[in-house]
Amino acid sequence: IAVNKKVEIGDCEIEFINSTHSIPETKFVALHSKEGTVLYTGDFKLDMHPTIGEKPDFKRLRKLNPKVMITDSTKAPEETKTPSEKVAVTMLQDFLLDENDEKKGIVTTTFASHIARIKTLLETADKMERIPILLGRSLCKYYGIALKLGIVNNGAKMVKRRNSIDKKFKDINKEKEKYLVITTGSQGEKEAVLSRIANKETPLLLNKKDTVLFSTSTIPHPINIANRYKLEAKLKMQKVRIIKDVHVSGHASKEDLREFLRIVKPENIVPTHGEYTMLASWAELGEEEGYTIEKDIFIRRNGQEVVIE
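Okay, structure coming up:
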């Protein structure tokens, strides 16, 4: 489906508009009907310097005049702007090039779907003169799709299956300084590769000379927070050096949302995708910009309706 082209579905038309997020080719979705246009943002940020893909299409957004905007609220409480992915490139290169000592193992982890970040890790491995290797089913799946679609062209060894991963770890453990290991498990998922390393369930044995770098934040949910805490505790017991939060978010913060609101100028706002405090922060922002709660900005839980005349 072409960007900015409308597709008819029954009595409605759907249009996809360029957006930016941590996943390539993210789009805003505009649903055009005889009652008006509904803009669904999905997860997004306002990245004017993306490392993959196009910038958000502000020109088209200004012309939409949506009756309703259903919008991401994940970072609404954070009173700042979300940095560009280009900032993450600089951060990663600074940390990893400084860590590039002889006889040192380096394990990195990020979100499997964050293709731009994986691309940066592969490019940095080349500068470090290390062999990059992607380990884990989801990581290899997403990156393999990105390669097939031509979104990236940075090749790397990809190992999906548990037995094959353990076999590769035997080689890596003998010459850690030759590799940059990129794994699944940034959120402490039980069966992910990094959790297995922390549990000493693989032939790769880490020690105080080695570094584990998290190129993610922890998803702000109690389960994720608890799992990450356990993962880090196990790594610390092995005296591993941990570097956290070498990351920029894929979500718009409060001042980005303010800018977006002034560009789009929707008649009504429905914040979504967040805990109640995040939805409430969006509502407060709306009030600052002249909207009124329960008049033209609405907070609802899953399953509840908003009726707009």
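Counting in this note's numbering, the sequence shown runs from 4 upward without gaps.
Yeah, the Cβ is synthetic: ideal placement off N, Cα and C, and Gly gets one too.
As the structure is a computational prediction, the values presented were derived from the model and not from experiment.
Could you check whether Leu67 and Ala119 sit closer than 8 Å to each other, using their CB atoms as the reference points? Their beta carbons are not under 8 Å apart, which means Ala119 does not touch Leu67 by this criterion.
Presumed contact (8 Å Cβ cut-off) between Pro86 and Val251, rounded CB distance: In this structure Pro86 touches Val251 by the C-beta definition: roughly 4 Å separates them, less than 8 Å.
Return helix, strand or coil for Gly147, following the three-state DSSP convention. In this structure, Gly147 counts as helix in the three-state DSSP scheme.
Reducing DSSP to helix, strand and coil, say where Ala5 ends up. If DSSP states are grouped into helix, strand and coil, Ala5 belongs with coil.
Between the C-alpha atoms of Leu282 and Gly39, what's the straight-line distance to the nearest angstrom? Answer to the nearest angstrom: the Cα atoms are 24 Å apart.
Using the Cβ count rule (16 or more neighbours within 10 Å means buried), how would you classify Met72? Looking at its Cβ environment, which holds 16 or more other Cβ atoms inside 10 Å, Met72 is buried.
Which listed residue (Leu216, Ser220, Ala255) has its alpha carbon closest to that of Ile109: Ranking Leu216, Ser220, Ala255 by CA distance to the CA of Ile109 puts Leu216 first.
Cβ shell of Ile168 (< 6 Å), same chain only, five flanking positions each side left out: Within the same chain, Ile168 has close Cβ partners Leu138, Val162.
Residue range of the alpha helix (DSSP H) that Phe98 falls in? Unbroken alpha helix (DSSP H) run through Phe98: 88-101.
Backbone secondary structure at Gly39 - three-state DSSP: DSSP places Gly39 in strand when its eight states are reduced to three.
The region 227-234 / the region 188-202 touching (three or more Cβ pairs under 8 Å): Cβ pair count under 8 Å is three or more, so yes.
Met1 by DSSP, collapsed to three states: which one? Nothing about residue 1 can be reported from this structure: the residues present for the chain run from 4 to 312 only.
Beta strand (DSSP E) runs wholly inside the region 205-286, at least 3 long, in chain order: Runs of the beta strand (DSSP E) inside the region 205-286: 214-217, 244-246, 271-275.
Could you tell me whether the Cβ atoms of Thr127 and Leu95 are closer together than 8 Å? Against a cut-off of 8 Å, the Cβ pair of Leu95 and Thr127 comes out as a contact.
Kindly give me the distance between the Cβ atoms of Asp299 and Glu262, rounded to whole angstroms, as I take these residues to be in contact under 8 Å. In this structure Asp299 is not in contact with Glu262, their Cβ atoms being roughly 19 Å apart against a cut-off of 8 Å.
Can you give me the Cβ contacts of Lys106 inside the same chain, cut-off strictly under 6 Å, excluding the 5 residues immediately before and after it? Taken in chain order, the residues that qualify are Glu180.
Could you tell me the distance, in whole angstroms, from the CA atom of Thr113 to the CA atom of Val92? The C-alpha of Thr113 lies about 13 Å from the C-alpha of Val92.
With a threshold of 7 Å on Cβ separation, who are the neighbours of Ser220 within its own chain once the five nearest residues in sequence on each side are excluded? Within its own chain, the residues whose Cβ lies closer than 7 Å to the Cβ of Ser220, once the five positions on either side in sequence are excluded, are Asp248, His250, Ser252, listed in chain order.
Tell me, to the nearest whole angstrom, how far the beta carbon of Pro80 is from that of Thr280; I am working on the premise that it is less than 8 Å. So it is a contact: roughly 6 Å between Cβ atoms.
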